[in-house]
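One structure below.
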Amino acid sequence: MEELIRLRDKSAVFMVIFIAAHVPVVALLAWARGNNLLIPVALSFALSGAVLLAWFANRQALSTRLTIAAALIGQVSLLVYGLAGHPWQADMHMYYFAAIAVLAVFCDGRVVVMGATVTALHHLILNFVFPAAVFSGGSDLARVLLHAVLVVMETGALAWLCLMLGKAVALSSNTLKTLEEKTQAEAAQADRLREQEEAQETKLRTQRLALAERFEARIGQVTRRLADSVTVMQKSATTLATAVSQVADASQDVTQSSRIANDGALAAASATQQLHQSINEIGSKIDATAGAAQEAVLSAEKTGERVQHLAEAADRIGQVIRLIQDIAAQTNLLALNATIEAARAGDAGKGFAVVAAEVKQLATQTARATEDIQTQVTAIQSETDQAVEAIVKIGEAITDINGLAGSVAAAVHQQDSVTGDLAGRVRIVAKEMTAASGALGTISGDTRAAQQVADTLLGVAKMLAEQSDQLRGDVDSFLSDVRADANAA
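Heads up: the sequence shown begins at -16 in the numbering used here, then just goes up one per residue.
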């Protein structure tokens, strides 16, 4: 509707100017025809003035448009009147049809009807009142009716056309208005959406920045904890490597000591075995000595008269017997020392070697003493006939020697038993030391494996530290990009 109003406003301006342009034309025509200028020019000016006043009063009113229609037909009528008596007067009647058609610019059938009505009244009234102002040749009602029919036909067509144009313009105006409203609504919606998007962008930017801050804080805590853990792991790995190295060194020392102790135990076992064999030999010889002494007693009893010549030899036998007693005492003492040394373990091997040497020496001395006794006994036997009394004493002495030999034999057998048990225990100790040496070897291998694990753990800790630093750098770069994007948005 607004578009139709704007169209009519523009048309009204055009029509006001168009009607005013008729004033000089009417004056020129009157002057050319030699007619009176005052009346036609005054009427034409009055029509133009009426239109101008109506337009100024209300340019959009229907009355203004109707005034324009009546004034335009009036200007045409003044031109027809100016050609009165001229052959072109009848041709000027076509201007009515043109003027009525021009009124269609208002797209208002009422204006067209107004123009047609004024034309019909002009023709009908002046046909009877002033025929020369309408037709040359006098009054002609048939011509008036013909013109009226033609005007009605044109008016009907133009009125319908104006109605359609009005509807079309109104529809177009409504459509445009709807489109404008829709466009405005869409623009408003777009503005709202843009504002919402801007608000959402602002909110998202704020959220991204806040999220970046929270993420930085959390990842900072995680990386710090990771760095602390890596530091602790590095310290632990270093401590473990140091401890494993110390254990490895100690294990090597213990292994070396165990090997030495094992060698000593084996040597002690060997020495103890040799001592056991020597004591067995001594026992055998003492048993043999006891038997010989028994036989000597029997021989002495049978040859008592002959032992009288053995007094001096008996004295030497007494010395030999004392020597044997001393040897027996030393043997007992050495047996005791061997027992004590066996209880000590560890360094006992050295003591066993010394005891074994002493026992061997005593055994040698005992053998020599026995040989001396045998020599003296032989000498005594050769002199038996000359020393009866001495032989009796020798018999008694030999009996005592027999008892002493039995005691020595018992002691030696006891020493043999103890030495055998000691040898067995020393062998057990040697086996245990061998097993301990093997276990220490295993421990040494495990220690080397633990050292490798500690080195690996230390390497992993260093790698984790590097990865932690790289992760921190990547996170800082990522957060910088996020903040840059948020600020750019």
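Cβ atoms here follow ideal geometry from the backbone N, Cα and C, with glycine treated the same way.
Legend entry - Contact under 8 Å by Cβ, Leu441 with Thr221: Yes, these two residues count as a Cβ contact at 8 Å.
Inset, instruction - Measure how close the beta-carbons of Ile83 and Gly98 come, nearest whole angstrom, since I'm counting them as under 8 Å. - result: Right, the Cβ-Cβ distance comes to about 5 Å (below 8 Å), so this counts as a contact.
Legend entry - DSSP three-state assignment for His396, whether helix, strand or coil: Helix.
Inset, instruction - Would you decide whether Phe80 is buried or exposed? Buried here means 16 or more other CB atoms lie within 10 Å of its CB. - result: By the 10 Å Cβ count, Phe80 comes out buried.
Inset, instruction - Would you kindly work out how many angstroms separate the C-alpha atoms of Val215 and Gln190, rounded to a whole number? - result: Approximately 36 Å, taken between the alpha carbons.
Legend entry - Rounded C-alpha distance that separates Leu187 from Phe461: Cα to Cα, Leu187 sits roughly 17 Å from Phe461.
Inset, instruction - Taking only runs that begin and end inside the segment -11 to 45, name each unbroken alpha helix (DSSP H) of 4 or more residues, in chain order. - result: List check, alpha helix (DSSP H) in window: 5 to 16, 21 to 40.
Inset, instruction - Could you tell me whether the segment 48 to 63 touches the segment 22 to 35, where touching means 3 or more Cβ pairs closer than 8 Å? - result: Yes, the segment 48 to 63 touches the segment 22 to 35.
Legend entry - First and last residue of the uninterrupted alpha helix (DSSP H) at Val85: Where Val85 is concerned, the enclosing alpha helix (DSSP H) stretches over 77 to 85.
Inset, instruction - Only counting runs of 4 or more residues, tell me where the alpha helix (DSSP H) segments fall wholly within the segment 160 to 211, in order along the chain. - result: Those alpha helix (DSSP H) runs which fall completely within the segment 160 to 211 and span 4+ residues do not exist here.
Inset, instruction - Can you have a look at Lys(-7) and say buried or exposed, based on whether 16 or more other CB atoms are within 10 angstroms of its CB? - result: So Lys(-7) ends up on the exposed side.
Legend entry - Option in Val88, Arg410, Gln58, Lys268 with minimal Cα separation from Tyr78: Per the Cα distances, Gln58.
Inset, instruction - Please classify Asp309: is it buried, with 16 or more other beta-carbons within 10 angstroms of its beta-carbon, or exposed? - result: So Asp309 ends up on the exposed side.
Inset, instruction - For Arg(-9), count neighbouring Cβ atoms within 10 angstroms of its own Cβ and tell me buried if that reaches 16, exposed if not. - result: With 16 or more Cβ atoms within 10 Å of its Cβ, Arg(-9) is classed as buried.
Inset, instruction - Taking the CB atoms as reference points, tell me whether Val505 and Leu62 lie closer together than 8 Å. - result: Here the chain covers residues -16 to 472 and nothing more, so residue 505 does not appear.
Legend entry - Beta-carbon gap between Val94 and Arg48 smaller than 8 Å: Contact: yes.
Inset, instruction - Using alpha carbons as the reference points, say which of Thr353, Ser451, Ala(-5), Met446 lies closest to Gln302. - result: Considering only alpha carbons, the answer is Thr353.
Legend entry - Reference Asp404; option with closest CA among Thr322, Trp71, Ser228: Nearest Cα to Asp404 within the set Thr322, Trp71, Ser228: Thr322.
Inset, instruction - Compute the Euclidean distance between the alpha carbons of Ser60 and Trp71, then round it to the nearest angstrom. - result: Our two residues, Ser60 and Trp71, have alpha carbons roughly 13 Å apart in a direct line.
Legend entry - C-alpha distance - Ser228 paired with Gln435, whole-angstrom precision: Each residue's Cα considered, the two are about 10 Å apart.
Legend entry - C-alpha distance - Arg(-11) paired with Phe89, whole-angstrom precision: Near 10 Å, if we compare the C-alpha coordinates of Phe89 and Arg(-11).
Inset, instruction - Look up Ala328 in the DSSP assignment and say whether it is helix, strand or coil. - result: The answer is coil: DSSP assigns Ala328 none of H, G, I, E or B.
Legend entry - Closest by C-alpha distance to Ser400, when choosing among Ala312, Glu196, Asn263: The option with the nearest alpha carbon to Ser400 is Asn263.
Legend entry - Between the CA atoms of Ala4 and Ala173 - distance to the nearest angstrom: Approximately 51 Å between the Cα atoms of the pair.
Inset, instruction - Taking only the alpha-carbon atoms, compute the straight-line gap between Asn470 and Ala195 and give it to the nearest angstrom. - result: In a straight line, the C-alpha of Asn470 is about 13 Å away from that of Ala195.
Legend entry - For Gln357 and Glu284, the rounded distance between their alpha carbons: Rounded to whole angstroms, Glu284 to Gln357 spans 18 Å at the Cα level.
Inset, instruction - Give the C-beta separation of Ala10 and Val24 to the nearest angstrom, bearing in mind that I take them to be a contact with Cβ-Cβ under 8 Å. - result: That pair is a contact at about 5 Å.
Legend entry - Local conformation of Asp91 per DSSP, three classes: DSSP, reduced to helix, strand and coil, places Asp91 outside both helices and strands of the structure shown, so it counts as coil.
Legend entry - Straight-line gap, Val458 to Ile202 (C-alpha atoms, nearest Å): If I take the Cα positions, the gap works out to 8 Å.
Legend entry - Of the listed residues Ile243, Gln260, Thr102, nearest to His396 (C-alpha basis): Of Ile243, Gln260, Thr102, the residue nearest in Cα terms is Gln260.
Legend entry - Member of Leu26, Lys268, Ala171, Glu178 whose CA lies at the smallest distance from the CA of Gln348: That would be Lys268, whose Cα lies nearest to the Cα of Gln348.
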